[in-house]
Amino acid sequence: MSRAPVIRLEAGGWQAALLPEQGACFASLRCDGRDVLAPVPVGAAAVGSQAGAFLMLPWCNRLGDGLLRWNGGEHHFPVNDLRGHNAIHGLGRDRPWMLLRRDAASLRLEQRMEEADQPYRYHAVLDVALTEAGLRLWLAITNTSGAVMPFGTGWHPWFARRPGTRVAFRARHLVRTDARGLPVATEETAGISGGEESWLGQDRHYAGWDGALEFDLGETRLRLAGEGRWAGNLQLYAPSAPQVLCLEPVSHATDLPNRAFLIPYGDMDWLPPGSTMEGGVALTLR
Numbered sequence: 329m330s331r332a333p334v335i336r337l338e339a340g341g342w343q344a345a346l347l348p349e350q351g352a353c354f355a356s357l358r359c360d361g362r363d364v365l366a367p368v369p370v371g372a373a374a375v376g377s378q379a380g381a382f383l384m385l386p387w388c389n390r391l392g393d394g395l396l397r398w399n400g401g402e403h404h405f406p407v408n409d410l411r412g413h414n415a416i417h418g419l420g421r422d423r424p425w426m427l428l429r430r431d432a433a434s435l436r437l438e439q440r441m442e443e444a445d446q447p448y449r450y451h452a453v454l455d456v457a458l459t460e461a462g463l464r465l466w467l468a469i470t471n472t473s474g475a476v477m478p479f480g481t482g483w484h485p486w487f488a489r490r491p492g493t494r495v496a497f498r499a500r501h502l503v504r505t506d507a508r509g510l511p512v513a514t515e516e517t518a519g520i521s522g523g524e525e526s527w528l529g530q531d532r533h534y535a536g537w538d539g540a541l542e543f544d545l546g547e548t549r550l551r552l553a554g555e556g557r558w559a560g561n562l563q564l565y566a567p568s569a570p571q572v573l574c575l576e577p578v579s580h581a582t583d584l585p586n587r588a589f590l591i592p593y594g595d596m597d598w599l600p601p602g603s604t605m606e607g608g609v610a611l612t613l614r
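Per the working numbering, the sequence shown starts with residue 329, numbered consecutively.
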């Protein structure tokens, strides 16, 4: 095993740069000379830059007040979303990953959580591969604690939004949120199909996603397919500024441990000791 500050991959017209020591974040992803992900500025920290892409584990998106409840247990994680007073996006992006293997177009990384002050113990393995068709990413996480624990994972890309960007996907339910970004209700939806007028300004969770979406970043026309546990729930975040679009395949609904009404819309994986959950994405041109 080894540590590396930046790893570059290339296949066909695709190029990627990853930062294992910064949570296995993507610093960049390009196709045919165009940015697919908004690139992390040179010298900037990946986390907090609103660029690149990062993994979410062992939970996705927000935990209200940083509170995790499970089987009679309770733990408060540090609040890192100060505006909403939430713990956001898990633990994996804030810790280094170790390199297990690599070649010109692929790599395997791992992360072990064994910190004494954390309720989670896990072993996560990430596989990233570029081909002429595009990017494939696969994440497996194993509960290495001695108790059943709720796990969730996902991927948070910051796509480079351009004029004329369009998005299309199907889903069955939309989760409405309060001013803190926490769920309060669900309603039926058909999904989204259209330009910025259909989704700009949203920060919403979609349940019953069919696992496929298509989007155009200017002249770059893409298809994203969720796989495994990342094929049923989708978070869409589209701020007016900066010029980014986040289409996040995830395994569960936001703040799930504290909102039992959301269980039918995307429960966490309650893993017994030694059990594993897996999910991934395929990102290709269309």
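Heads up, the beta-carbon is just placed ideally off N, CA and C, and yes, glycines get one too.
Only a predicted model underlies this, so the values are computations on that prediction, with no experimental measurement involved.
Reduced DSSP secondary structure (H/G/I, E/B, other) of residue i
i      : result
Gly526 : Before going on, a small fix: residue 526 reads as Ser here, not Gly. In the structure shown, Ser526 sits in a helix (DSSP, three-state: H, G or I).
Asn471 : strand
Trp421 : In the sequence under discussion, the amino acid at residue 421 is Arg, which differs from the Trp named in the question. Helix at Arg421.
Phe589 : helix
Gln343 : strand
Leu396 : strand
Leu584 : helix
Glu460 : coil
Glu349 : helix
Phe354 : strand
Phe382 : strand
Gly560 : coil
Met477 : strand
His533 : strand
His403 : strand
Arg490 : coil
Leu325 : Lying before the first or after the last residue shown, residue 325 is absent from the chain, which here runs from 329 to 614.
Ala415 : strand
Asp597 : strand
Arg551 : strand
Glu443 : coil
Asp363 : strand
Arg614 : coil
Beta bridge counterpart(s) of residue i as assigned by DSSP
i      : result
Trp466 : Asp455 and Gly608
Ala496 : Ser521 and Glu542
Glu438 : Met426 and Val453
Cys574 : Tyr565
Arg504 : Ala513
Gly482 : Met384 and Val578
Beta-carbon contacts of residue i that lie in its chain and below 6 angstroms, excluding the five residues immediately before and after
i      : result
Val456 : Leu435 and Leu465
Arg614 : Arg549 and Arg551
Thr612 : Ala461, Gly462 and Arg551
Gly594 : Ala535, Asn561, His580 and Ala581
His417 : Met384
Ala355 : Ala345, Leu347, Val368 and Gly380
Glu438 : Met426, Leu428 and Val453
Arg490 : Leu545 and Gly546
Arg336 : Ala345
Asp363 : Ala488
Cutoff 7 angstroms; reference residue i; Cβ partners in own chain excluding five residues on either side
i      : result
Ala373 : Gln350
Asp583 : Arg390, Leu391, Gly392, Leu510 and Pro511
Arg587 : Pro511
Met441 : Leu419, Tyr448, Arg449 and Tyr450
CB contact check: residue i to chain C, cutoff 8 angstroms
i      : result
Gly401 : Absent here is chain C; the protein component of the structure consists of one chain.
Contacts around residue i, its chain only, beta-carbon distance under 8 angstroms, and the 5 residues preceding and following it disregarded
i      : result
Val375 : Gln350, Gly351, Cys353, Phe382, Arg421 and Asp422
Ser568 : Leu528 and Gly529
Gly492 : Gly523, Asp544 and Gly546
Val407 : Asp393, Gly394, His413, Asn414 and Ala415
Ser473 : Pro447, Tyr448, Arg449, Tyr450 and Pro601
Arg557 : Thr481, Ser579, Asp597, Met605, Glu606 and Gly607
Thr505 : Pro511, Val512, Asp531, Arg532, His533 and Thr582
Val609 : Leu463, Arg464, Leu465, Trp483, Leu552, Ala553, Gly554, Glu555, Trp558 and Pro577
Asp409 : Arg390, Ala415, Ile416 and Gly509
Ala433 : Leu337, Glu338, Ala339, Ala457, Leu458 and Thr459
Cβ-heavy atom distance, residue i to the ligand ZN, below 7 angstroms
i      : result
Gln563 : Because no ligand of any kind appears in the structure shown, any question about the ligand ZN cannot be addressed here.
Quiz item: Is it true that the region 516-530 meets the region 414-429, where meeting means three or more beta-carbon pairs spaced less than 8 angstroms apart?
Solution: no
Quiz item: Between the region 371-386 and the region 490-501, do three or more beta carbon pairs fall short of 8 angstroms?
Solution: no
Quiz prompt | Segment contact, 8 angstroms Cβ cut-off, at least three pairs: the region 551-568 with the region 530-542 | solution = yes
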